[in-house]
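Below is one structure; the comments refer to it alone.
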Amino acid sequence: MAQKGYGYPSQPPPQYVQNPPATTHVVVRPSKGLFGRLEDSASYLGRKLDKSLQTTYTTPLLSLFTTGNVIQLVSRSSGRALQIVQSPTGQLVTDGMGDVANTARNAHWTVVNEGNNVVRLHNNFNYLAIVNGATVVMNSPQGSPLGVESRLCLYESQCFMILESVREPGRHVGILPDGMLKPALACGKEVHAMFGVQLVYSPYGQPSR
C-alpha cells in the first residue's frame, strides 16, 4: 500500500506571472468599393467565427482554476481527494483516498492556467499528467520546460469538473469507488472522471460565499 509521507511546502508555492493581454490596434483603411467591402465582410465573418470557436468558456467553477490558486479535487466516485502518495518502490503516484482538508498538503494542487480552459496542476512541481493512457505524476523543477503530457482540458458536468488529456483526447483522470486510480484510457466523461473542486488558497483572496 502506498504511504503518504510526501510533504507539501509550508508556504504557498511561488506564483506564476501571467503575461498582460496584447493591446488591440485598430487600423482605419480607405473605402475599397463594393467588391472590396464584400471581401472585407467575408474576412471579418471568418475572423469572428474563429474567435468564437477559441473563446474560453467561464463559470464560477471554472474560475477556481486561476493561475496561482491551490485547490483540492474531490472524487465524486470515492468521496475523497485526489492526492500524491509514495508507492512501495518510492515512486510518486496518485489515488483518490486523500483527506478533504486544508491540512492535507499532499492533496493540494496548484493551478497553472494556459487559457482556453487548458490547465496544468502540480503539487510542489510534481505535475498531474496522462502518458500512454495512464494517469501519472511527472516531476518538473521550477523553471524547466514542461511537456504536453501535463496539459489537461477542463470540462464542467453536473457541477463537477472533468480533466481530459490534451495530448491523448478521450482519456481522463479517473478514480474508482474504492479510491484506486482508474486507467485514463478506460475512463470517459463519466462519474469516475468527475471531481468537486474546493479552493484551499488564492493569492487573490478568498471568494465570498
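When you read off a place in the sequence shown, starting at 1, and then add 5, the result is the number in the numbering used here. Ideal placement from N, C-alpha and C gives every residue a C-beta, glycine not left out.
**7 angstroms CB neighbourhood of glutamate 161 in its chain, flanking five on each side removed** = As a working mapping, residue 161 is identified with position 156 in the sequence shown. Same-chain partners within the cutoff: Thr64, Leu66, Leu67.
**Request:** Could you tell me whether the Cβ atoms of glycine 101 and glycine 184 are closer together than 9 angstroms?
**Result:** Locating residue 101 in the sequence shown gives position 96, counting from the first residue. Locating residue 184 in the sequence shown gives position 179, counting from the first residue. Against a cut-off of 9 angstroms, the Cβ pair of glycine 184 and glycine 101 comes out as a contact.
**Message:** Which same chain residues end up closer than 6 angstroms to glutamate 169 when comparing Cβ atoms and leaving out the 5 residues on each side of it in sequence?
**Reply:** Start at 1 with the first residue of the sequence shown, and residue 169 comes out as number 164. If we look at glutamate 169 and ignore the five residues flanking it on each side, its Cβ neighbours are Cys158, His177.
**Request:** List the DSSP bridge partners of threonine 115.
**Result:** Position 110 of the sequence shown holds residue 115. Checking the DSSP bridge columns, you'll see threonine 115 partnered with Val75, His127.
**Message:** Taking the straight line between their C-alpha atoms, what separation do you get for proline 188 and glycine 210?
**Reply:** Here residue 188 refers to the residue found at position 183 when the sequence shown is read from its first residue. Here residue 210 refers to the residue found at position 205 when the sequence shown is read from its first residue. Using only the alpha carbons, I get a separation of about 36 angstroms.
**Message:** Taking 8 angstroms as the limit between beta carbons, can you name the residues of its chain near threonine 71, skipping five residues before and five after?
**Reply:** As a position in the sequence shown, residue 71 is number 66, starting the count at 1. Closer than 8 angstroms at the Cβ level, and outside the excluded window around threonine 71, lie Val116, Asn118, Ser207, Tyr209.
**Request:** Identify, in the order they occur along the chain, each residue of the same chain with its Cβ nearer than 7 angstroms to the Cβ of leucine 205, setting aside the five sequence neighbours on each side.
**Result:** The residue labelled residue 205 in the question sits at position 200 within the sequence shown. Going by the sequence as given, residue 205 is valine instead of leucine. Taking valine 205 as the centre and dropping the five residues before and after it, the same chain places the C-beta of Val75, Ile76, Gln77, Asn107, His113 closer than 7 angstroms to its C-beta, in chain order.
**Local Cβ density within 10 Å of asparagine 137, reported as buried at 16 or more and exposed below that** = Counting from 1 along the sequence shown, the entry for residue 137 is found at position 132. The residue is exposed, with fewer than 16 neighbouring Cβ atoms inside 10 Å.
**Item:** First and last residue of the uninterrupted beta strand (DSSP E) at alanine 198
**Value:** What you label residue 198 is simply residue 193 of the sequence shown in a count that begins at 1. No beta strand (DSSP E) holds alanine 198; DSSP gives it neither H nor E.
**Message:** From the DSSP secondary-structure annotation, give me the bridge partner or partners of serine 162.
**Reply:** In the sequence shown, counting from the first residue as 1, residue 162 sits at position 157. Paired residues: Phe165.
**Prompt:** Got a sec, what are the start and stop residues for the beta strand (DSSP E) threonine 63 sits in?
**Reply:** Walking along the sequence shown from the start, residue 63 turns up at place 58. Element bounds for threonine 63: n/a, residue is neither H nor E.
**Message:** Just to check my reading of the structure: glycine 5 and phenylalanine 165 have Cβ atoms closer than 8 angstroms, yes? What is that Cβ distance to the nearest angstrom?
**Reply:** Limits of the chain in this structure are 6 at one end and 214 at the other, which puts residue 5 out of reach.
**Prompt:** Short check: CB of valine 171 to CB of leucine 97, under 9 angstroms?
**Reply:** The count along the sequence shown starts at 1 and reaches residue 171 at position 166. The count along the sequence shown starts at 1 and reaches residue 97 at position 92. No Cβ-Cβ contact shorter than 9 angstroms links valine 171 with leucine 97.
**Asked** Under 9 angstroms, do leucine 126 and glycine 103 count as touching if we go by C-beta distance?
**Response** As a first step, residue 126 is located in the sequence shown; it is residue number 121 there, counting from the start. As a first step, residue 103 is located in the sequence shown; it is residue number 98 there, counting from the start. The answer is no: Cβ separation not under 9 angstroms.
**Nearest-angstrom beta carbon gap, phenylalanine 130 and glycine 146 [assumed within contact, 8 angstroms]** = Here residue 146 corresponds to residue number 141 of the sequence shown, with the count starting at 1. Here residue 130 corresponds to residue number 125 of the sequence shown, with the count starting at 1. Checking the sequence, you will find proline at residue 146 rather than glycine. Yes, they are in contact, since the Cβ atoms of proline 146 and phenylalanine 130 sit about 6 angstroms apart, within 8 angstroms.
**Message:** Do isoleucine 180 and serine 82 count as a contact pair if the criterion is CB distance below 9 angstroms?
**Reply:** In the sequence shown, residue 82 corresponds to position 77, counting from 1. In the sequence shown, residue 180 corresponds to position 175, counting from 1. Yes.
**Message:** Taking only three categories from DSSP, how would you classify alanine 139?
**Reply:** As a first step, residue 139 must be located in the sequence shown, where it is residue number 134. Assignment of alanine 139 by DSSP, reduced to helix, strand and coil, places it in the strand class.
**Nearest to asparagine 128 (by Cα), restricted to the options Ser80, Ile89, Ala134, Gly120** = Your numbering for residue 128 matches position 123 in the sequence shown. Minimum Cα distance to asparagine 128 is reached at Ile89.
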